[in-house]
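> Take any residue in the sequence shown, note its place counting from 1, add 12, and you have its number in the numbering used here. Glycine included, every Cβ here is placed at the ideal spot set by N, Cα and C. One structure is given below, represented as structure tokens, and several questions about it will come after.
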Amino acid sequence: MKRDTAGRKKPVVSDEGYRTLAAFRHTLRQFLAFSEDAARAAGLPPQQHQAILAIKGQARGEAMSVGDLAEHLLVRHNSAVELVNRLVSARLVVRVADPRDRRRVTLALTAKAEKILAELSAAHLAELRRNGPLLVELVGRIGD
Numbered sequence: 013m014k015r016d017t018a019g020r021k022k023p024v025v026s027d028e029g030y031r032t033l034a035a036f037r038h039t040l041r042q043f044l045a046f047s048e049d050a051a052r053a054a055g056l057p058p059q060q061h062q063a064i065l066a067i068k069g070q071a072r073g074e075a076m077s078v079g080d081l082a083e084h085l086l087v088r089h090n091s092a093v094e095l096v097n098r099l100v101s102a103r104l105v106v107r108v109a110d111p112r113d114r115r116r117v118t119l120a121l122t123a124k125a126e127k128i129l130a131e132l133s134a135a136h137l138a139e140l141r142r143n144g145p146l147l148v149e150l151v152g153r154i155g156d
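Quick look at the structure:
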């Protein structure tokens with residue numbers, strides 16, 4: 013490591029390191045662009061797709077609350093509430109009272125959301141099969 017003018021250690025990134033980071037970010041952005049386009053083509057705003065995927069992908073047996081969704085999507089609680097309101101209006105999600113804690117409300121997907129999500133997820137997995145090897149290769153370069 014080099015040292016800066018104050019004598020602190022300064023990390024050194026090689027040209028190959030910069031190329032790897034740039035290629036990794038580019039490949040991720042391509043996947044995200046694919047994902048957003050696929051969601052829109054299915055009639056969903058990308059954030060709604062992310063939300064229903066998060067709800068479906070919640071650990072088996074664990075119901076997701078609005079707070080859990082906010083945490084998963086890295087948004088504020090009030091933003092998650094608004095998102096859930098839109099999902100409920102679109103008949104993609106229903107709110108369910110938690111039988112163990114009546115103060116807690118959880119989220120469940122409707123049959124409509126399940127159908128859309130199954131189609132989108134199949135397309136996303138196919139896209140990952142196409143580009144996944146490149147991502148794995150790029151991650152592997154990081155250790156070099």
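1) Identify the continuous beta strand (DSSP E) that holds Thr118 and give its terminal residues.
2) Do the CB positions of Ala135 and Ala50 come within less than 8 Å of each other?
3) Less than 8 Å between the beta carbons of Val96 and Val108, yes or no?
4) By Cβ distance, which residues of its chain are closer than 6 Å to Gln70, with the 5 residues on each side in sequence left out?
5) On the DSSP letters alone, give me the boundaries of the alpha helix (DSSP H) that Arg98 sits inside.
Per the coordinate set shown:
1) Walking along the sequence shown from the start, residue 118 turns up at place 106. Residues 117 to 121.
2) Translated into positions along the sequence shown, residue 135 becomes position 123. Translated into positions along the sequence shown, residue 50 becomes position 38. Contact: yes.
3) As a working note, residue 96 is residue 84 in the sequence shown. As a working note, residue 108 is residue 96 in the sequence shown. The answer is no: Cβ separation not under 8 Å.
4) Looking up residue 70 in the sequence shown gives position 58. If we look at Gln70 and ignore the five residues flanking it on each side, its Cβ neighbours are Met76.
5) Here residue 98 corresponds to residue number 86 of the sequence shown, with the count starting at 1. Looking at the DSSP string, the run of the alpha helix (DSSP H) that includes Arg98 is 89 to 101.
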